[in-house]
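Remarks on the structure that follows.
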Amino acid sequence: MKTAPSPAAATFDTRCANAVELSGVTFGYDRRTILKGIDMTIPRGKVVAIMGGSGCGKTTILRLIGGSLRPRSGRIVVAGQSVPQLDRDGLYALRRRIGMLFQFGALFTDLTVFENVAFPMREHTDLPDEAIRDLVLMKLNAVGLRGAAQLKPAELSGGMGRRVALARAVALDPMLVMYDEPFAGLDPISLGVVGQLIRRMNDALGITSIVVTHDVYESLKIVDHLYFVSEGRIVAGGTPDEVRASSDPFVRQFLDGAPDGPVPFHYAARPLEQEFVRAR
Amino acid sequence: MPAERVVRGVRKVGATTLAILQRLGFATRFFAAVVWHSPQAFRRLQLTLREIYFAGVLSLVIILVSGMFVGMVLALQGYDVLNRYGANDSLGILVALSLVRELGPVVAGLLFASRAGSAITAEIGLMKATDQLAAMEMMAVDPLARVVAPRFWGGIVSMPLLAALFSTLGVFGAWLVGVKLIGLDNGAFWGNMQAAVDFREDIVNGFIKSVVFGVIVSLIAVFEGYDAKPTAEGVSSATTRTVVESALTILAADFVLTVFMFRGVGV
Ligand SMILES: Nc1ncnc2c1ncn2[C@@H]1O[C@H](COP(=O)(O)OP(=O)(O)O)[C@@H](O)[C@H]1O
Ligand SMILES: [Mg+2]
Numbered sequence: 200m201k202t203a204p205s206p207a208a209a210t211f212d213t214r215c216a217n218a219v220e221l222s223g224v225t226f227g228y229d230r231r232t233i234l235k236g237i238d239m240t241i242p243r244g245k246v247v248a249i250m251g252g253s254g255c256g257k258t259t260i261l262r263l264i265g266g267s268l269r270p271r272s273g274r275i276v277v278a279g280q281s282v283p284q285l286d287r288d289g290l291y292a293l294r295r296r297i298g299m300l301f302q303f304g305a306l307f308t309d310l311t312v313f314e315n316v317a318f319p320m321r322e323h324t325d326l327p328d329e330a331i332r333d334l335v336l337m338k339l340n341a342v343g344l345r346g347a348a349q350l351k352p353a354e355l356s357g358g359m360g361r362r363v364a365l366a367r368a369v370a371l372d373p374m375l376v377m378y379d380e381p382f383a384g385l386d387p388i389s390l391g392v393v394g395q396l397i398r399r400m401n402d403a404l405g406i407t408s409i410v411v412t413h414d415v416y417e418s419l420k421i422v423d424h425l426y427f428v429s430e431g432r433i434v435a436g437g438t439p440d441e442v443r444a445s446s447d448p449f450v451r452q453f454l455d456g457a458p459d460g461p462v463p464f465h466y467a468a469r470p471l472e473q474e475f476v477r478a479r
Numbered sequence: 088m089p090a091e092r093v094v095r096g097v098r099k100v101g102a103t104t105l106a107i108l109q110r111l112g113f114a115t116r117f118f119a120a121v122v123w124h125s126p127q128a129f130r131r132l133q134l135t136l137r138e139i140y141f142a143g144v145l146s147l148v149i150i151l152v153s154g155m156f157v158g159m160v161l162a163l164q165g166y167d168v169l170n171r172y173g174a175n176d177s178l179g180i181l182v183a184l185s186l187v188r189e190l191g192p193v194v195a196g197l198l199f200a201s202r203a204g205s206a207i208t209a210e211i212g213l214m215k216a217t218d219q220l221a222a223m224e225m226m227a228v229d230p231l232a233r234v235v236a237p238r239f240w241g242g243i244v245s246m247p248l249l250a251a252l253f254s255t256l257g258v259f260g261a262w263l264v265g266v267k268l269i270g271l272d273n274g275a276f277w278g279n280m281q282a283a284v285d286f287r288e289d290i291v292n293g294f295i296k297s298v299v300f301g302v303i304v305s306l307i308a309v310f311e312g313y314d315a316k317p318t319a320e321g322v323s324s325a326t327t328r329t330v331v332e333s334a335l336t337i338l339a340a341d342f343v344l345t346v347f348m349f350r351g352v353g354v
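Sequence lines, in order, name chains A and B.
The first sequence lines up with residues 200 to 479 when you count with our numbering.
The second sequence lines up with residues 88 to 354 when you count with our numbering.
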């Protein structure tokens, strides 16, 4: 039997079908506009990829969702809460329920693997040491690194570090996990392992995942939906099957890795003739 | 166009001044924020204790060895001068007063800045460059309370202790040279020193200096680390800035403090 949740709890959690909603989000550092109107919905329980070339603003989108940046305009709603309007306490309360895996893991270099995963638990819970120990070892076991608990981050390979960061990101059983380039710099085996872990964590823990990447093939294997970002806008999107069948020139260029297309090979420059023909 | 060049020069001076003021303003707000977050850090004392270990205990060797050498040199030079006036017996006074009032706090401060201050800047800067601070913030943990405040207070606690040890080892070094090597009278060395060093005027004033220098070095070190450009070059230039700014600020502050303390002596 369901008990009627309090209105506050309802807006906070269970009643919204979408974990994250962005509408008309614009943003720029200094004068340059990076995002020119992003509309995006991330349904609860899904794995969604945000794809795009380097520097197109993917990390910026994650920072906006996490509230480290404020948009110039537009709405950002996470778990029913408008992120830009949250005060510090509200934002910190929300962030306890969001896990994030940074581009290069961002493990705390002065702590062991064990203490890295224990960090959010020690900071936010009053659990006794034995309970933390059990939880940490469970999380590490889930990423296959229980045996590496006492190593320092410097002693890990790239793929192992990424898996530890993954365990840390899900340490507090968040409702949303954001992955920033989880595949960057990994060998094909580690890459497959991390991809499968993202999918498995998502389904086993009932979380929602956002994966920012430019690795199309790995994402096509594990995600439910893809968004393509270019020039500050969403230029295409769809399920993996739709994307594979797409004839959109941008998607095709991305899939085929063509050097020239909607994303030009040349950085904006004056015409070639002018560069070499000297004015007399 | 010379006029244009003048305008450009004036504009540059203005922009630089504004940039410096802005940075100072930012540093002041940062200082306030660190103090504001300090109670949170104190509630978990082991964080600060750990930083006292890193800042203090790891600076011990350089402080003790330098203190000893400075004391030995002071004794040689002091003896050379005092001997001309037949005031050999005052060597203990000379050495103790120079160390407790000036050299202890100042030289220990300079050494502390280059050993511990630079390490703190590099550590915080690297945490920033590798997104560790951002990761912490995304985990709803405030880096000011978790990373910055403990290092700030760890430095402030360590510095006076290190200065005291520096002076102590200095006096010991002077004793070695004066009494053991040159052969001055042991009783006169210690007795005159004891009679001449005043607790309020010398020891307390020296202690005040060392606390002020501790605050200066710690604040500059954590600020430069936190404000570093998040790149390898950014961190290395921030580390250099910590040492240079600390040294200049310590020497300037020492002059100001000495002026205030001087007026009180024997008037
Ligand atoms: N702190 C910043 N200040 C100014 N520009 C920035 C900053 N961070 C990122 N940028 C710029 O914003 C653009 C988007 O950055 P980012 O979101 O990191 O791209 P992506 O993650 O897609 O590679 C880049 O061109 C980058 O140079
Ligand atoms: Mg990025």
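C-beta: ideal position from N, C-alpha, C; glycine also.
All figures in this text were calculated on a predicted structure; none of them were measured in a lab.
Decide if the segment 268-287 of chain B is in contact with the segment 174-191 of chain B; the criterion is three or more beta carbon pairs, one per stretch, under 8 Å apart. Contact between the segment 268-287 of chain B and the segment 174-191 of chain B is present, with at least three C-beta pairs closer than 8 Å.
Could you run through the segment 221-237 of chain B and flag, in chain order, every residue whose CB is less than 9 Å away from some CB of chain A? Shown in chain order are the members of the segment 221-237 of chain B whose Cβ falls below 9 Å from a Cβ of chain A: Ala221, Ala222, Met223, Glu224, Met225, Met226, Ala227, Val228, Asp229 and Arg233.
Is Ala180 (chain B) near ligand 1, with its Cβ less than 7 Å from a heavy atom? Position 93 of the second sequence, counted from the first residue, corresponds to residue 180 (chain B). The question names Ala, but residue 180 (chain B) is Ile in the sequence shown. Ile180 (chain B) has its CB no nearer than 7 Å to any heavy atom of ligand 1.
Going by the CB atoms, is the gap between Phe310 (chain B) and Ala120 (chain B) shorter than 8 Å? Here residue 120 (chain B) is taken as the residue at index 33 of the second sequence, counted from 1. Here residue 310 (chain B) is taken as the residue at index 223 of the second sequence, counted from 1. Their beta carbons are not under 8 Å apart, which means Ala120 (chain B) does not touch Phe310 (chain B) by this criterion.
Using 8 Å as the limit for Cβ to Cβ distance, is Phe211 (chain A) near chain B? Translated into positions along the first sequence, residue 211 (chain A) becomes position 12. Caution applies to Phe211 (chain A), whose pLDDT of 46 falls short of 50 and renders its modelled position unreliable; the model cannot decide the point.
Where the alpha helix (DSSP H) containing Gly293 (chain B) begins and where it ends: Sequence index remark: in the second sequence, residue 293 (chain B) carries index 206 (1-based). First-last of the alpha helix (DSSP H) with Gly293 (chain B): Asn292 to Asp314.
Just checking, does the segment 185-204 of chain B make contact with the segment 265-272 of chain A on the three C-beta pairs under 8 Å criterion? No, because fewer than three Cβ pairs between the segment 185-204 of chain B and the segment 265-272 of chain A fall closer than 8 Å, the two stretches do not touch.
Where Ala209 (chain A) falls: helix, strand or coil (DSSP): For the purposes of this step, residue 209 (chain A) is taken as residue 10 along the first sequence, with counting starting at 1. Any reading at Ala209 (chain A) must be qualified, since the residue scores a pLDDT of 38, below 50, and its modelled position is unreliable; the value itself is stated next. Three-state DSSP puts Ala209 (chain A) in a helix.
For a quick check, are the C-beta atoms of Ala250 (chain B) and Gly191 (chain B) less than 8 Å apart? Locating residue 250 (chain B) in the second sequence gives position 163, where the first residue counts as 1. Locating residue 191 (chain B) in the second sequence gives position 104, where the first residue counts as 1. Judged by their CB atoms, Ala250 (chain B) and Gly191 (chain B) are nearer to each other than the 8 Å cut-off.
On the three-state DSSP scale, how would you describe Arg242 (chain A)? For this step, residue 242 (chain A) is matched to residue 43 along the first sequence. The question names Arg, but residue 242 (chain A) in the sequence shown is Pro. Here Pro242 (chain A) sits in strand by DSSP.
With DSSP run on the structure shown, which of helix, strand or coil describes Arg130 (chain B)? Reading the second sequence from its first residue, position 43 is the one you call residue 130 (chain B). The answer is coil: DSSP assigns Arg130 (chain B) none of H, G, I, E or B.
When you compare only the Cα positions, how much space is there between Trp123 (chain B) and Leu220 (chain B)? In the second sequence, the residue the question calls residue 123 (chain B) occupies position 36. In the second sequence, the residue the question calls residue 220 (chain B) occupies position 133. Straight-line Cα distance between these residues: approximately 18 Å.
Apart from the five residues just before and just after Ala457 (chain A), which ones in its own chain have a Cβ nearer than 8 Å to its Cβ? Numbered from its first residue, the first sequence carries residue 457 (chain A) at position 258. For Ala457 (chain A), where only same-chain residues beyond five positions count, the Cβ hits under 8 Å are Arg451.
Nearest chain B C-beta to Met400 (chain A) closer than 8 Å, yes or no? Taking the first sequence and counting its residues from 1, one reaches residue 400 (chain A) at position 201. No Cβ of chain B is located within less than 8 Å of the beta carbon of Met400 (chain A).
Within the same chain, show all residues whose beta-carbon is closer than 7 Å to that of Gly398 (chain A), passing over the 5 residues directly before and after it, in chain order. Translated into positions along the first sequence, residue 398 (chain A) becomes position 199. The question names Gly, yet the displayed sequence has Arg at residue 398 (chain A). Here the set comprises Val246 and Ile421.
Are the segment 237-252 of chain B and the segment 304-324 of chain A touching by the rule of at least three beta carbon pairs closer than 8 Å? The count of Cβ pairs closer than 8 Å, one atom from the segment 237-252 of chain B and one from the segment 304-324 of chain A, stays below three, leaving the stretches out of contact.
Which term fits Asn170 (chain B), buried or exposed, when burial requires 16 or more other beta carbons within 10 angstroms of its beta carbon? Reading the second sequence from its first residue, position 83 is the one you call residue 170 (chain B). By the neighbour-count rule (16 or more Cβ atoms within 10 Å), Asn170 (chain B) is not buried but exposed.
CB contact below 8 Å: Gln219 (chain B) versus chain A: Taking the first residue of the second sequence as 1, we reach residue 219 (chain B) at position 132. So, interface residue.
Report the three-state DSSP secondary structure of Met200 (chain A) (helix, strand or coil). Here residue 200 (chain A) corresponds to residue number 1 of the first sequence, with the count starting at 1. Confidence in Met200 (chain A) is poor, its pLDDT being 39 and thus under 50, which makes the residue's placement unreliable; the coordinate value appears in the next sentence. In the three-state reduction of the DSSP assignment, Met200 (chain A) falls in the coil class, being assigned neither a helical nor a strand state.
Does DSSP classify Tyr166 (chain B) as helix, strand or coil? Numbered from its first residue, the second sequence carries residue 166 (chain B) at position 79. Helix at Tyr166 (chain B).
How would you label Ala207 (chain A), buried or exposed, when you count the other beta carbons within 10 angstroms and need 16 or more for buried? Here residue 207 (chain A) corresponds to residue number 8 of the first sequence, with the count starting at 1. At Ala207 (chain A) the pLDDT is 40, less than 50, meaning the model places this residue with poor confidence and gives no usable figure here.
Are there three or more Cβ pairs, one per stretch, closer than 8 Å when the segment 409-427 of chain A is compared with the segment 369-379 of chain A? Yes: the two stretches touch, three or more of their Cβ pairs being nearer than 8 Å.
Unbroken alpha helix (DSSP H) run spanning Tyr416 (chain A), endpoints: Walking along the first sequence from the start, residue 416 (chain A) turns up at place 217. Tyr416 (chain A): member of the alpha helix (DSSP H) spanning Val415 to Ile421, first to last residue.
Out of curiosity, what's the CA-to-CA distance linking Pro327 (chain A) and Gly312 (chain B)? Walking along the first sequence from the start, residue 327 (chain A) turns up at place 128. Walking along the second sequence from the start, residue 312 (chain B) turns up at place 225. Going by the C-alpha atoms only, they are around 34 Å apart.
Between the beta-carbon of Ala200 (chain B) and the beta-carbon of Thr329 (chain B), is there less than 8 Å? For this step, residue 200 (chain B) is matched to residue 113 along the second sequence. For this step, residue 329 (chain B) is matched to residue 242 along the second sequence. Yes, the Cβ-Cβ distance between Ala200 (chain B) and Thr329 (chain B) is below 8 Å.
So if I threshold CB-CB distances at 9 Å, which residues from the segment 444-469 of chain A count as touching chain B? Cβ contacts with chain B: none found.
Within 8 Å (strictly less), CB to CB, does Val352 (chain B) reach chain A? Translated into positions along the second sequence, residue 352 (chain B) becomes position 265. Confidence at Val352 (chain B) is low in this model, with a pLDDT of 48, below 50, so its placement is unreliable and no value can be given for it.
Proximity to Thr345 (chain B) [Cα-Cα], best of B:Ala275, B:Ala174 and B:Val299: In the second sequence, residue 345 (chain B) corresponds to position 258, counting from 1. Nearest option by C-alpha distance: B:Val299.
Ordered along the chain, which non-local residues of its own chain (more than five positions away) have a Cβ less than 6 Å from that of Ala307 (chain B)? The residue you call residue 307 (chain B) lines up with position 220 of the second sequence. In the sequence as displayed, the identity of residue 307 (chain B) is Ile instead of Ala. Excluding sequence neighbours, Ile307 (chain B) sits near Thr329, Glu332 and Ser333.
Quick check on Arg269 (chain A): does DSSP put it in helix, strand or coil? Here residue 269 (chain A) corresponds to residue number 70 of the first sequence, with the count starting at 1. Residue state, collapsed to three classes: coil.
Leaving aside the five residues before and after Val393 (chain A) along the sequence, list all residues of the same chain whose C-beta is less than 8 Å from its C-beta, in chain order. Indexing the first sequence from 1 puts residue 393 (chain A) at position 194. Around Val393 (chain A): Gly358, Arg361, Arg362, Leu365, Pro381, Phe382 and Leu385.
Closer than 7 Å to a non-hydrogen atom of ligand 1 - does that hold for the CB of Ser418 (chain A)? Stepping through the first sequence from its first residue, residue 418 (chain A) is reached at position 219. Not so, every heavy atom of ligand 1 lies at least 7 Å from the Cβ.
Just checking, does the segment 202-210 of chain B make contact with the segment 130-146 of chain B on the three C-beta pairs under 8 Å criterion? Three or more beta-carbon pairs separated by less than 8 Å link the segment 202-210 of chain B to the segment 130-146 of chain B, which places the two stretches in contact.
Using a 10 Å radius around the Cβ and a threshold of 16 neighbouring Cβ atoms, would you call Ala403 (chain A) buried or exposed? Taking the first sequence and counting its residues from 1, one reaches residue 403 (chain A) at position 204. Counting Cβ neighbours within 10 Å, Ala403 (chain A) comes out exposed, since fewer than 16 surround it.
The segment 309-338 of chain A: positions lying closer than 9 Å to chain B by Cβ: Per Cβ criterion, the list reads Asp309, Phe318, Pro319, Glu322 and His323.
As a quick check of your reading: which residues have a C-beta less than 5 Å from at least one non-hydrogen atom of ligand 1, in chain order? The set, ordered by position in the chain, is A:Tyr228, A:Ile233, A:Ser253, A:Gly254, A:Cys255, A:Gly256, A:Lys257, A:Thr258 and A:Thr259.
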